[in-house]
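S.K.: Okay, so the sequence shown: first residue is 70 according to the numbering used here, each after it adds one.
All residues carry an ideal CB built from backbone N, CA and C; glycine is no exception.
I have a structure I would like to understand better, so I am pasting it below and will then ask my questions one at a time.
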Amino acid sequence: MARVAADTVLTGGKVFLGPGLGFAEAVAIWQGRVLATGKASEIADLIGPDTRKIDLAGRLAVPGLNDAHQHMMAVGMGTLEVNLKGEDITSIGDILAAIKARADTLAPGEWIMGRGYDHFNLAEKRHPLREELDMVAPDNPVYIKRTCGHMGVANSKALELAQVREGIAQPAGGHVEAQNGKLTGLMQETAQQLMYRAFPKAGMDDFVDGIEAGAKLNLSYGFTSCTDPGVGLREGYRDWQAYLFARRQGRLPQRMYLMPLAGATGWPDRVLDMDFMTGDGDEWVRTGPMKLFADGSAGGKTAAMSSPYADDSENFGIFIYGDEEIHGYIADYHARGFQIATHAIGDAAIEQVLSGYEKAIGNQVQSDRRHRIEHCGFLSKDQIARMAKAGVLPAPQSIFLYEFGDLYLDALGPERPAASYPMRSWIDAGLHPSGSSDGPVSQTNPFRGIYNMVTRKTSRGTVIGPEERITVEEAIGAYTVNGAYGSFEEGIKGTLQVGMLGDVAVFDTDLFATEPEAWIDARCDLTVLGGDVAYDRQSEAA
70 MARVAADTVL TGGKVFLGPG LGFAEAVAIW QGRVLATGKA SEIADLIGPD
120 TRKIDLAGRL AVPGLNDAHQ HMMAVGMGTL EVNLKGEDIT SIGDILAAIK
170 ARADTLAPGE WIMGRGYDHF NLAEKRHPLR EELDMVAPDN PVYIKRTCGH
220 MGVANSKALE LAQVREGIAQ PAGGHVEAQN GKLTGLMQET AQQLMYRAFP
270 KAGMDDFVDG IEAGAKLNLS YGFTSCTDPG VGLREGYRDW QAYLFARRQG
320 RLPQRMYLMP LAGATGWPDR VLDMDFMTGD GDEWVRTGPM KLFADGSAGG
370 KTAAMSSPYA DDSENFGIFI YGDEEIHGYI ADYHARGFQI ATHAIGDAAI
420 EQVLSGYEKA IGNQVQSDRR HRIEHCGFLS KDQIARMAKA GVLPAPQSIF
470 LYEFGDLYLD ALGPERPAAS YPMRSWIDAG LHPSGSSDGP VSQTNPFRGI
520 YNMVTRKTSR GTVIGPEERI TVEEAIGAYT VNGAYGSFEE GIKGTLQVGM
570 LGDVAVFDTD LFATEPEAWI DARCDLTVLG GDVAYDRQSE AA
């Protein structure tokens, strides 16, 4: 009987098979799935004349990474916006210079979008004002978002087009800031929807371009899977259509788990009419949970807390919904059979969401539903225990601590950040915490997320809550098998066991044999998706 020849073999390296599974020297892939793993000499028998052979040259290969919470289309479309996240943005003057440079290239009336500034890192320690944006772009509507995405600043032209004027009624779950009766341009949480309605409509080609650009960026980091946690944030159902169009056109080179935006701001009726259900789809595009929002961001001081912010004693954050309304959504979606994922960062918001899940689940543990709390940043030991009992999963972003940890200390004092994003406690409780970026809020770079999980260090070197450190094996597991668990796909992805999808990432740095400081600037050399080379940094597999 003729032996099977692998389509692709990666050999001569250190292949991490998954948490608890150890290492191999080589992996063979056939028809998109792992055919065998083992010593290089054993896998050599599976190499035929048409097999693509990739020499790992001693490098580390791991299961394809999974960003379990990333707004991928927004990441891609953001490449066309003014980037305000760079290290060169250290003052409001820097922001204004970047906006002016864009305005100088545009005709009057064309919109300028920007994203990524962090007022905590600006010399002035405040948001820009609309009058300042007016000075550099008087003839163009401007809207720039803070890095968290939960608030932004508009200039006068943009406010005019959105029909936002002094004295406007405050929207439920949001805030339009005014000082001395005059609008500052700052729009928080649901107030941003007032601005969104004035934005020019993007074409379907723009959406698909963004999806493809976001996916290609992810592949360059070793991500073969991604969850978009709010499809519809831009233009409702058209966002969903864009993913399907991209897939049909061969422009979605990544596996996706898509969360329909639900609640009062989403398109849930359309989801129900089309009879979508969590898990529908295939290994490329699958319907995820109904997505709700409970609060804002800790860095923006809109995450709902049970105690006030340390530097703002009257501020407890913002709830997007009252208890009755959000519990009603949860009960309805649970009864219909959906997985539910709810954005909740502050402990008060987590309590609101967790109690809603508990009511919907009832007395029996429903771990098979795997309801999620997205971010789940600041919570108590009791809430962790209740999550374990109810089978509720955290979907955190350790890279938040890397990028924003020093801001958290400033805004919340030392105790709450030390207990935040508690990977050690979650793993010990059996909660399968995943790894993710929340891009474009944070960098999509997984190496910095892994670095923080293992060290609990911020980008400035501050150690926050060292008792919550985990091992590098567990950190890679968060970005692989735990992400798969959160989308009910641990049976097909997340490890390199025989029969699993042939998704592999090859790094230029061995995370198991180097000190964490070496990981910060690590690179992905190769990304293999279903046995095909999807990213090749050095053109070695051409």
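Determine the extent of the alpha helix (DSSP H) in which P486 is found, giving its start and end residues.
M.R.: P486 -> alpha helix (DSSP H) spans E484 to A487.
S.K.: Can you grab the Cα-Cα spacing for the pair M70 / V602, in whole Å?
M.R.: Only weak support exists for where M70 lies, its pLDDT of 38 falling under 50; the coordinates are left without a value.
S.K.: Is Q257 helix, strand or coil when you go by DSSP?
M.R.: In this structure, Q257 counts as strand in the three-state DSSP scheme.
S.K.: Please state if the CB of I387 and the CB of H188 are separated by a distance shorter than 8 Å.
M.R.: The answer is no: Cβ separation not under 8 Å.
S.K.: Can you tell me whether DSSP reads V550 as helix, strand or coil?
M.R.: Residue state, collapsed to three classes: helix.
S.K.: Tell me the DSSP secondary structure of E179 in three-state form.
M.R.: The answer is coil: DSSP assigns E179 none of H, G, I, E or B.
S.K.: Which first and last residues belong to the beta strand (DSSP E) in which R102 is found?
M.R.: Unbroken beta strand (DSSP E) run through R102: R102 to G107.
S.K.: According to the Cβ coordinates, are M492 and V103 closer than 8 Å?
M.R.: No, the pair does not count as a contact, with Cβ atoms beyond the cut-off.
S.K.: Beta-carbon within less than 6 Å of T524's beta-carbon, same chain only, minus the 5 sequence neighbours each way: which residues are those?
M.R.: Closer than 6 Å at the Cβ level, and outside the excluded window around T524, lie P585.
S.K.: Would you mind stating whether A498 and A457 have Cβ atoms separated by less than 8 Å?
M.R.: The answer is yes: Cβ separation under 8 Å.
S.K.: Ends of the alpha helix (DSSP H) at Q337?
M.R.: Checking the sequence, you will find Pro at residue 337 rather than Gln. Start and end: P337 to D342.
S.K.: Starting from L202, follow the alpha helix (DSSP H) in both directions and report where the run begins and ends.
M.R.: Start and end: R199 to V205.
S.K.: To which residues of the same chain is E559 closer than 7 Å at the C-beta, ignoring the five residues directly before and after it?
M.R.: So the qualifying residues of the chain are V550 and A553.
S.K.: Check the C-beta distance from P90 over to Q566 and give it rounded, since I have them as a contact under 8 Å.
M.R.: Reading off the sequence, residue 90 comes out as Leu, not Pro. About 7 Å; that satisfies the 8 Å criterion.
S.K.: Would you call the segment 151 to 165 in contact with the segment 177 to 195, where contact means no fewer than 3 C-beta pairs closer than 8 Å?
M.R.: Counting Cβ pairs under 8 Å, three or more are found: they touch.
S.K.: Entirely within the segment 519 to 597 and at least 4 residues each: give me those alpha helix (DSSP H) ranges in chain order.
M.R.: Runs of the alpha helix (DSSP H) inside the segment 519 to 597: 541 to 547 and 550 to 555.
S.K.: Going along the chain, which residues of its own chain have a beta-carbon closer than 6 Å to the beta-carbon of L288, five neighbours each way excluded?
M.R.: Answer for L288: T596, A603 and Y604, listed in chain order.
S.K.: Return the chain-ordered list of same chain residues with a C-beta closer than 6 Å to the C-beta of V532, the five sequence neighbours on each side being excluded.
M.R.: So the list reads R525 and K526, once near-sequence residues are dropped.
S.K.: On the three-state DSSP scale, how would you describe Q452?
M.R.: DSSP places Q452 in helix when its eight states are reduced to three.
S.K.: Check for me: the alpha helix (DSSP H) holding M374 runs from which residue to which?
M.R.: Where M374 is concerned, there is no enclosing alpha helix (DSSP H), given that its DSSP letter is neither H nor E.
S.K.: Where does A404 land, buried or exposed, given buried means 16+ other C-beta within 10 angstroms?
M.R.: With fewer than 16 other Cβ atoms within 10 Å, it is exposed.
S.K.: Need the endpoints of the beta strand (DSSP E) that S294 sits in, please.
M.R.: From DSSP, the beta strand (DSSP E) with S294 extends over F292 to V300.
S.K.: Considering only C-alpha positions, which residue in the set M141, I168 and M142 is nearest to K154?
M.R.: Measuring from the Cα of K154, the nearest candidate turns out to be I168.
S.K.: Taking the beta strand (DSSP E) that M359 falls in, what are its first and last residues?
M.R.: From DSSP, the beta strand (DSSP E) with M359 extends over M359 to F362.
S.K.: Who does P463 pair with in a DSSP beta bridge?
M.R.: Answer is I442.
S.K.: Decide if N432 is buried, meaning its Cβ has at least 16 other Cβ atoms within 10 Å, or exposed.
M.R.: Classification for N432: exposed.
S.K.: Give the secondary structure of Y326 by DSSP, where H, G and I count as helix, E and B as strand, and everything else as coil.
M.R.: Looking at Y326 - three-state DSSP - the assignment turns out to be strand.
S.K.: Looking at the unbroken alpha helix (DSSP H) that takes in F388, where does it start and where does it end?
M.R.: Note, F388: premise wrong, no alpha helix (DSSP H); not H, not E.
S.K.: With a Cβ-Cβ cutoff of 8 Å, do K360 and A410 count as a contact?
M.R.: Closer than 8 Å, so yes.
S.K.: At what residues does the alpha helix (DSSP H) containing Q248 begin and finish?
M.R.: From DSSP, Q248 is part of no alpha helix (DSSP H) but of the beta strand (DSSP E) over G243 to Q248.
S.K.: In this structure, what does DSSP give as the bridge partners for D136?
M.R.: BP columns for D136 point to C295.
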